[in-house]
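Student: Quick note on the UniProt record's numbering: the sequence shown kicks off at 15 and runs consecutively.
Cβ atoms here follow ideal geometry from the backbone N, Cα and C, with glycine treated the same way.
Let me begin by handing over the structure; questions about it come next.
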Amino acid sequence: GTPFVAYRAGQLMLEDVALAELAQRHGTPLFVYSRAAMLGALAAYQRGLAGREALICYAMKANSTLAVLKVFADAGCGFDIVSGGELERVLAAGGVAGKIVFSGIGKTRAEIRRALEAGIRCFNVESLAELDVIDEVARACGRRAPISIRVNPNVDARTHPYISTGLKGNKFGIAHEQALAAYQHAARLTGLQVVGIDCHIGSQITEVAPYVEALDRVLDLVGAIEAAGIRIRHIDLGGGLGIDYAGDTPPAADALWAALLARLDARGYGDRALMIEPGRSLVGNAGLCLTEVLYLKPGEQKNFCIVDAAMNDLPRPALYEAFHRIVPLRQPAPGASATTYDVVGPVCESGDWLGRDRPLAVQPGEHLAVLSAGAYCMSMASNYNTRPRAAEVLVDGGEARVVRQREAVQDLWRGETA
Ligand code: LLP
Numbered sequence: 015g016t017p018f019v020a021y022r023a024g025q026l027m028l029e030d031v032a033l034a035e036l037a038q039r040h041g042t043p044l045f046v047y048s049r050a051a052m053l054g055a056l057a058a059y060q061r062g063l064a065g066r067e068a069l070i071c072y073a074m075k076a077n078s079t080l081a082v083l084k085v086f087a088d089a090g091c092g093f094d095i096v097s098g099g100e101l102e103r104v105l106a107a108g109g110v111a112g113k114i115v116f117s118g119i120g121k122t123r124a125e126i127r128r129a130l131e132a133g134i135r136c137f138n139v140e141s142l143a144e145l146d147v148i149d150e151v152a153r154a155c156g157r158r159a160p161i162s163i164r165v166n167p168n169v170d171a172r173t174h175p176y177i178s179t180g181l182k183g184n185k186f187g188i189a190h191e192q193a194l195a196a197y198q199h200a201a202r203l204t205g206l207q208v209v210g211i212d213c214h215i216g217s218q219i220t221e222v223a224p225y226v227e228a229l230d231r232v233l234d235l236v237g238a239i240e241a242a243g244i245r246i247r248h249i250d251l252g253g254g255l256g257i258d259y260a261g262d263t264p265p266a267a268d269a270l271w272a273a274l275l276a277r278l279d280a281r282g283y284g285d286r287a288l289m290i291e292p293g294r295s296l297v298g299n300a301g302l303c304l305t306e307v308l309y310l311k312p313g314e315q316k317n318f319c320i321v322d323a324a325m326n327d328l329p330r331p332a333l334y335e336a337f338h339r340i341v342p343l344r345q346p347a348p349g350a351s352a353t354t355y356d357v358v359g360p361v362c363e364s365g366d367w368l369g370r371d372r373p374l375a376v377q378p379g380e381h382l383a384v385l386s387a388g389a390y391c392m393s394m395a396s397n398y399n400t401r402p403r404a405a406e407v408l409v410d411g412g413e414a415r416v417v418r419q420r421e422a423v424q425d426l427w428r429g430e431t432a
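Here's what the structure looks like:
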């Protein structure tokens, strides 16, 4: 997990803040994030890219809370966005338009126009039809749109099928075989300016090899595209590394870059500007979710530990059968007898579980922390079962600040008519 989460004097701490105190003061479910953990994760990428022309674009879909965005904006990051909503959100948080790349297969004309007016760094284009639409919108507003084509390198990222994106059968990017023709088409469109090439092979990748494989495939294309007279200024390798959820051992970001830079240099492309779009690895282990045990329900086949957080707050187990560590806020006494529970939420479907077969020594009224909950939890939260979304707290050393208030139940039907 993260060095910023630890028991001290029997209490689970995030940095220098006792989590039980936060749960008491702000209620649960409550997401809590460590600023130092985010900056520490970012530093590994920065070290790996030191001395190169590079831009780290935080993939804000992982966690788009304004205060989280501001941490990365203040640290000089760019952003990877996938919607007009994300564009407005990151600008509201102080993100710099000139450092934004816009990914996604379904950009609308309105989103494209707004991004052009804001002056984003690059559109990561995913189809021939999209090239034509961006060209048309750019000419209509008297601009040239900077573009990169997302090529599908047909590389197996060896991750969960739902978060694997760089294989032939995926809906993303332009096939390797069609990429050169797509670049030649783009170069003829006067509303476009070709600036780069990008790929993204998947998420929660825990090995270096798939990245190197993808880079090799991309560099083959750069050679062919430049031989056709089209200059590729930057290479964007898509999302970042996986994280340790359950004893996973992803490489450190600086080790990943050492391997990638060696390959770039060996192939004579060491002069290109580099980009990467990490999401999970910058925030995943910087956050956790506090929840209160409501009921213990022993059963014939299973014991259930029913908590006040649910699949609407933490959708990853329901969606991907993902594993998150779950630990009590009060450190169990050595030798305390634990019972094995399925930790489940109050939502009325069997998919609403947070952890299965977990040995826990807890009582109703006590609190648990669901770990590795900084990425793809709050940003995927919903209001299913008319459950207000949780509050969020940002920790910095010994300070803790509420950065998102708990949603009020009345907010949930704003805009509706009976
Ligand atoms: N760039 C692009 C174009 C992406 O599609 C993604 C993630 C990223 C960057 C960031 O990837 P990361 O560094 O976080 O691996 N909800 C799923 C993950 C979906 C990832 C989608 N794309 C989960 O909870 O596991």
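With distances taken Cα to Cα, identify the nearest neighbour of E240 among A193, A228 and W271.
Tutor: One-based indexing of the sequence shown puts residue 240 at position 226. The option with the nearest alpha carbon to E240 is A193.
Student: So does A228 have its beta carbon nearer than 7 Å to some heavy atom of the ligand LLP?
Tutor: By one-based count along the sequence shown, residue 228 stands at place 214. A228: no, Cβ never under 7 Å from the ligand LLP.
Student: Would you kindly work out how many angstroms separate the C-alpha atoms of K311 and F337, rounded to a whole number?
Tutor: What you label residue 311 is simply residue 297 of the sequence shown in a count that begins at 1. What you label residue 337 is simply residue 323 of the sequence shown in a count that begins at 1. So the two alpha carbons sit approximately 22 Å from each other.
Student: Taking the C-alpha atoms as reference points, what is the distance between V357 and L382?
Tutor: Indexing the sequence shown from 1 puts residue 357 at position 343. Indexing the sequence shown from 1 puts residue 382 at position 368. Using only the alpha carbons, I get a separation of about 10 Å.
Student: Between L229 and S217, what straight-line distance do the alpha-carbon atoms span, to the nearest angstrom?
Tutor: Position 215 of the sequence shown, counting from 1, holds the residue named residue 229. Position 203 of the sequence shown, counting from 1, holds the residue named residue 217. Cα to Cα, the separation comes out at about 16 Å.
Student: To the nearest angstrom, report how far apart R127 and A154 are at their CA atoms.
Tutor: The residue labelled residue 127 in the question sits at position 113 within the sequence shown. The residue labelled residue 154 in the question sits at position 140 within the sequence shown. Computed Cα separation, rounded: 9 Å.
Student: May I ask you to check if the CB of Y259 is nearer than 7 Å to at least one heavy atom of the ligand LLP?
Tutor: One-based indexing of the sequence shown puts residue 259 at position 245. Y259: no, Cβ never under 7 Å from the ligand LLP.
Student: Can you tell me whether G210 is helix, strand or coil according to DSSP?
Tutor: For the purposes of this step, residue 210 is taken as residue 196 along the sequence shown, with counting starting at 1. The answer is strand: DSSP assigns G210 an E or B state.
Student: Can you give me the C-alpha to C-alpha distance between N326 and R418, rounded to a whole angstrom?
Tutor: By 1-based counting over the sequence shown, the position of residue 326 is 312. By 1-based counting over the sequence shown, the position of residue 418 is 404. Cα-Cα distance, rounded: 17 Å.
Student: Could you pull the DSSP bridge partners for P402 from this structure?
Tutor: As a first step, residue 402 is located in the sequence shown; it is residue number 388 there, counting from the start. Paired residues: none, contrary to the question.
Student: Does the beta-carbon distance from A323 to T42 come in below 8 Å?
Tutor: On the sequence shown, position 309 is the one that residue 323 refers to. On the sequence shown, position 28 is the one that residue 42 refers to. Closer than 8 Å, so yes.
Student: Grab me the residues of Y283's own chain with a C-beta within less than 8 Å of its C-beta, minus the 5 sequence neighbours each way, in chain order.
Tutor: Here residue 283 is taken as the residue at index 269 of the sequence shown, counted from 1. Here the set comprises L233, V236 and I249.
Student: For my contact list, R135 and G205 are in at a C-beta cut-off of 8 Å; report their separation, rounded to the angstrom.
Tutor: Position 121 of the sequence shown, counted from the start, is the residue given in the question as residue 135. Position 191 of the sequence shown, counted from the start, is the residue given in the question as residue 205. Not quite, the Cβ-Cβ distance comes to about 17 Å (not below 8 Å), so this is no contact.
Student: Could you name the residues that DSSP lists as bridge partners for F93?
Tutor: Counting from one through the sequence shown, the residue named residue 93 turns up at place 79. Bridge partners of F93: Y72 and I114.
Student: Pick from A64, D88, V151 and R66: whose alpha carbon is nearest that of Y72?
Tutor: On the sequence shown, residue 72 is found 58 positions in, with the first residue counted as 1. For Y72, the nearest C-alpha among the options comes from D88.
Student: Could you tell me the distance, in whole angstroms, from the CA atom of P378 to the CA atom of F116?
Tutor: For the purposes of this step, residue 378 is taken as the residue at position 364 of the sequence shown. For the purposes of this step, residue 116 is taken as the residue at position 102 of the sequence shown. Approximately 46 Å between the Cα atoms of the pair.
Student: With a Cβ-Cβ cutoff of 8 Å, do V407 and L26 count as a contact?
Tutor: As a working mapping, residue 407 is identified with position 393 in the sequence shown. As a working mapping, residue 26 is identified with position 12 in the sequence shown. No.
Student: Among E140, E191 and L328, which residue has its Cα nearest to the Cα of Y390?
Tutor: By one-based count along the sequence shown, residue 390 stands at place 376. Among E140, E191 and L328, the Cα nearest to that of Y390 is on L328.
Student: With distance defined between alpha-carbon atoms, name the residue in G252, Y259, C303 and L270 nearest to E291.
Tutor: Counting from one through the sequence shown, the residue named residue 291 turns up at place 277. The shortest C-alpha separation from E291 is found at G252.
Student: Under 7 Å Cβ to Cβ from A273, same chain only, skipping five residues before and after it: list those, please.
Tutor: Within the sequence shown, the letter at position 259 stands for residue 273. Closer than 7 Å at Cβ, skipping near neighbours: V222 and V226.
Student: To which residues does DSSP link Q25 through a beta bridge?
Tutor: Start at 1 with the first residue of the sequence shown, and residue 25 comes out as number 11. In the DSSP output, where bridge partners are listed per residue, Q25 has R22 and R344.
Student: Quick check: the Cα distance between A68 and L56, rounded to an integer number of angstroms?
Tutor: Reading the sequence shown from its first residue, position 54 is the one you call residue 68. Reading the sequence shown from its first residue, position 42 is the one you call residue 56. Spanning the two alpha carbons is a distance of roughly 13 Å.
Student: Should P265 be labelled buried (16 or more other beta-carbon atoms within 10 Å of its own) or exposed?
Tutor: As a position in the sequence shown, residue 265 is number 251, starting the count at 1. With 16 or more Cβ atoms within 10 Å of its Cβ, P265 is classed as buried.
Student: Please name the residue or residues paired with H338 in a DSSP beta bridge.
Tutor: The residue given as residue 338 occupies position 324 in the sequence shown. Note: H338 sits in no beta bridge, so no partner.
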